[in-house]
Each structure stands twice: as C-alpha cells, then as structure tokens.
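Here the structure comes first, spelled out in structure tokens, and everything after it is commentary.
Number of protein chains: 2
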Amino acid sequence: MLLYYFEMTLSEEDYIKAIYHLSQIDSKSVATNAIAEQMKTKPSSVTDMVKKLSEKSLVKYKKYQGVSLSEKGRLVALSIIRKHRLWEVFLVDKLNFSWDEVHEVAEQLEHIKSDALIDKLDAHLGFPKVDPHGDPIPNKEGFFTKSVKKLISELPILSEGVCVGVNDSSVTFLKFLDKNNIALGDTFKILDREEFDGSVTISTRAGSIRISEQIASNLFLEIVDEE
Amino acid sequence: MLLYYFEMTLSEEDYIKAIYHLSQIDSKSVATNAIAEQMKTKPSSVTDMVKKLSEKSLVKYKKYQGVSLSEKGRLVALSIIRKHRLWEVFLVDKLNFSWDEVHEVAEQLEHIKSDALIDKLDAHLGFPKVDPHGDPIPNKEGFFTKSVKKLISELPILSEGVCVGVNDSSVTFLKFLDKNNIALGDTFKILDREEFDGSVTISTRAGSIRISEQIASNLFLEIVDEE
DNA sequence: AAATAAATTTAGACAAAGCTAAAAAATTGT
DNA sequence: ACAATTTTTTAGCTTTGTCTAAATTTATTT
Chain A
1 MLLYYFEMTL SEEDYIKAIY HLSQIDSKSV ATNAIAEQMK TKPSSVTDMV KKLSEKSLVK
61 YKKYQGVSLS EKGRLVALSI IRKHRLWEVF LVDKLNFSWD EVHEVAEQLE HIKSDALIDK
121 LDAHLGFPKV DPHGDPIPNK EGFFTKSVKK LISELPILSE GVCVGVNDSS VTFLKFLDKN
181 NIALGDTFKI LDREEFDGSV TISTRAGSIR ISEQIASNLF LEIVDEE
Chain B
228 MLLYYFEMTL SEEDYIKAIY HLSQIDSKSV ATNAIAEQMK TKPSSVTDMV KKLSEKSLVK
288 YKKYQGVSLS EKGRLVALSI IRKHRLWEVF LVDKLNFSWD EVHEVAEQLE HIKSDALIDK
348 LDAHLGFPKV DPHGDPIPNK EGFFTKSVKK LISELPILSE GVCVGVNDSS VTFLKFLDKN
408 NIALGDTFKI LDREEFDGSV TISTRAGSIR ISEQIASNLF LEIVDEE
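Residue numbers (our numbering), protein chains in the order written: chain A, 1 to 227; chain B, 228 to 454.
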C-alpha cells in the first residue's frame, strides 16, 4: 500500500475508517451526523476533524455538503482495513481466538505502524485473501476482490465455498452446527435445493447432509471464485 | 499480572517503564532530569506527569526528592515489560525478524490492551522465559528469574547456555559468526580457557572450536540455570 | 412561500501533555 | 558559611481532540 509519508494520529485513522465504511453503505457523500454516531462523538467534533482531514487532502469537504474520501484517503482507509483483517486472521488461526472475539483487539492492532511487520505477518499467515468473517483483505496496493460472502439460501446449485460466518449466533444454533459437524472454515458444495421447502443438500467433509431453509439462511459461505 | 483496573494513557505507561528501568540502574529514587533525558522531554513536563502518577499512587514522590515506583507501579511496569518481551519473541521466532530489528515495533505492541491476547500469545510461543536479547520475561504475577546473560569471557569453565546476543554488531563480526557456524539460539558449553591469551574452547552443535578473547567478550550467553 | 424542523457549523471552554522562562530549593566549591 | 551552580518546580502558553450552547444553513410541511 503506497505508504503515506505523513504522520496520522490514532483519531484521524479512526475517522478515515469510519468515513470509508459509511460511504460503502451509501456510496454518496457522508453526513456529519452519521460520522458522529459511528464515532460515538458529537457533530461539532466531527466538523472540526473533517476540516483537519480536508487540510491534509484526505477528504473532500464542502460546508454543509457532507464529506467523501479523496483517493489518498481511500488508500489510507484500505491500508488500515488490510491491517485490521490480517490481525484478525492471526488471532483466529494462530492464537485460537474464536472469530467473534477478535474485533476489539484488532481495532487496537490495526494502528501499529510498521510496513515490515505487516508484510511479514501476511507471509506468516500464508497471504490470506479473506478474514475470519469472510471479508476480503486488500493487498499492499489497495486492491481486493469484492466480497462474495453469501448466505447458502442465496447461492445457486453447485456453488462451492468456505463457511465463514453465521447470521444468528444464538447458542441453540451454534449447538446445532456442532452436532452436525459444521464448523467455520469447512468447505461446502451445494448439491441440490428443494423447490417445495427451500431445504438444501450440501456436501461436507463428513458426507452430504440436508439442511432446512432456516439453517441455509443463517450460514454464510465465502465463494472461492476465479481471481 | 494483577490487572490494573484503571485506564492508563500511552504516555503514563511510558513514564512508568522509564522510571522502572532507571531505578534498576540506580536502585535509588530517580531524578527528574534523568527521566526527562530518557523520555526525550523537558524536566518541567516530567514534574507534571510525576504529580499525576503520584495522584494515582503509581509512584512515591516528594518535591525535590526524586521519584520511585510504588508496588502498584512496579506491577504495571512489569506487565508492560512482559508484553514487550513476549512480542519480541513473536517477532523473532514467528515472523523472522532479526533480534536487533524488533525493539521499535515492540514499543508499540506493548501498549495493546487485552489480557486474553497476552495469555494466548504466551501459550502460542511456548511460554518462553527470555526474550531474543536474553532478558527475562516476567510471568503474569510479575515474577521472573534474574537475568543471567553474560559474556563468554566472564563465564566460568563448564558453563552452558544459549547464545542470545552480541556486543559488537559490525558486519565483519557477524560474518565471522556465520563462517564459524555460530548463530543466535545455539547452545554452547565452555570447555576450556587459556590463561595465556584468554582464548576459549567451546562446544557447539558442529563440534568444538577455539575462539579468541576478543570474540569471547562479544558474545552473550543466557545461562540455563536452576529456577 | 413561509414557517418549522433538522442538520451543520461556529464560538468559546476544557483536559492531556507538552513547552519556555522565571523562581525556588538543593548541592557544591572554596 | 555563603556564593555559585545545578536541579527542580511553578506559572503561563500551545496543540489535539473533545464538549456545550448558540447561530446558521438546508430540508420539510403545510
């Protein structure tokens, strides 16, 4: 990622990331109030910070017109997201955290400044393409393949992918998965779908099983697609 | 390490660490000027911070009389040092940094706040006792075995230990080590020492070799002693 | 097209952590 | 013992990122 040769404070980095995420949702320019809510701060604080980021050409800002990232700001955001997601992979794959425990710690680790560290971490992890939630990891240049994380219920027959998450993390659902030998990281192939009730037959390591529509709409697969 | 239930800023943690290190050297109470030099700041700033740390009972402070850590402060210092050294082991053992490149990054990583993270990192690394420089890693309760990192030239015959560092990191010296199959992490035993010129015979994986006094006074061994 | 409501910005303050310059205490030298 | 020097502290100012309250602009309603 074309390193940024200027110092950024922790707070600035958090704002850039928040603006990036909000503009993913809306694709328009982002409202002051929306940023304030995301950052758990007040709109007046946002205005101050946005002016500062604008001075540094990280965002495009016109009074009362909302804010959007500049190309420079976008690359900064992607560099932070890259770090965040690589650390999440580390926490899950190497330190045995479960995929739903890692966000908070990764929020801290993403601010560590060292290009060498991230390069070596990336290599150590085997250059992963997605984080434990199935979200794509940008490469050094800020490129990444669009997320193709989808619910089993939304995928066509013969799709193949890695199970990367659940919608419903209730205890009963997680117990069901356990009983049926379904774990995050497993590779599934969708063999068939019943018109009648939406139930789906999938092949797993342990053989093929039939799951109800309700289950299928709670399991996310990360599609291992062309690249 | 008896977690500290109060928030500490990055700066406060750095001061506590600096005071700890300075009181290791001097064992007396630490001077304002000494802290200022260590922290690359001005004495007046130190006075301000020391007052703040005193309010929080992390240090004992009387005007004009210098400062020393309270028991609480000492435990905080050891917790930070524990984190610093564990991260150094990670960087060297897992990410293939060389032992002289890791300090700066570990300075950042040591401030990450998560007990679970440090516990799991410790386990992942196999509960190491010393960092890549041979300095001891305090355990969770703040206990550690005193460092027994010594130059080969200062050790008695039949001592055995792991090579953990060099005094002189010049290219020529490092090349010499390479040529003689000496690497950090190797275990050596001191077999004999010549009265005449101080040269030493040591046994290595590759057999026993004779090294000059000059070499012996540039190689640190970490003694694997009783504990 | 006003009037009202909502969103945004400005102005002025505050806490953290630093600085400079000046004052006060401690130490040293003779 | 006391003058000179060094160390430490105080006082007042700066910057960063936040806040509240008031003012202003934009959006919505009738």
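We put the CB at the ideal spot given by N, CA and C, even for glycine.
Since this is a predicted model, take the numbers as computed values, not measurements.
Interface criterion not met: the Cβ of Leu221 (chain A) is under 8 angstroms from no Cβ in chain B. Per DSSP, Glu368 (chain B) lies in no beta strand (DSSP E) and is assigned neither H nor E. Identification of residues in the segment 92-107 of chain A having a C-beta nearer than 8 angstroms to some C-beta of chain B yields Lys94, Leu95, Asn96, Phe97, Glu101, Glu104, Val105, given in sequence order. Nearest C-alpha to Arg82 (chain A) among A:Ala206, A:Lys129, A:Val200, A:Ala36: A:Lys129. Proximity to Asn180 (chain A) across A:Glu195, A:Val164, A:Ile137, A:Thr204 peaks at A:Thr204, based on C-alpha coordinates. Residue environment analysis places His311 (chain B) among the buried positions, since at least 16 neighbouring C-beta atoms fall within 10 angstroms of its C-beta.
The residue from B:Ser380, B:Leu382, B:Glu282, B:Gly361 with its alpha-carbon nearest to that of Val391 (chain B) is B:Gly361.
Sequence-distant partners of Ala116 (chain A) (beyond 5 residues in either direction) whose C-beta falls short of 8 angstroms from its own C-beta are missing from its chain. Taking a Cβ-Cβ threshold of 9 angstroms, none of the residues of chain B is close to Ser57 (chain A); the smallest such distance is about 26 angstroms. Assigned with DSSP and collapsed to three states, Gly300 (chain B) falls in helix. In the DSSP annotation of this structure, the continuous segment of the beta strand (DSSP E) that includes Val427 (chain B) starts and ends at 427-431. Between Lys340 (chain B) and chain A, the shortest Cβ-Cβ separation is below 8 angstroms. For His248 (chain B), there are no C-beta contacts with chain A under 8 angstroms, since the nearest C-beta of that chain is about 22 angstroms from it.
The residues His84, in chain order, have a CB closer than 8 angstroms to that of Glu107 (chain A) in the same chain once the five nearest residues on each side in sequence are set aside. At a beta-carbon threshold of 7 angstroms, the residues of chain B lying near His124 (chain A) are Lys321, Leu322, ordered along the chain. Beta-bridge analysis with DSSP links Leu378 (chain B) to B:Phe447. Beta-bridge partners of Ser295 (chain B) (DSSP): B:Lys287. Counting along the chain, the unbroken beta strand (DSSP E) around Asp419 (chain B) starts and ends at 414-420. Within the same chain, Leu378, Ile379, Cys390, Val393 come within 7 angstroms of Leu446 (chain B) by CB-CB distance, once the 5 residues on both sides are set aside. Within a 10 Å sphere around the beta-carbon of Glu110 (chain A) sit 16 or more other beta-carbons, which makes this residue buried. According to DSSP, Gly161 (chain A) shares a beta bridge with A:Phe188, A:Ile223. One Cα belongs to Phe370 (chain B), the other to Leu348 (chain B), and the distance between them is close to 18 angstroms.
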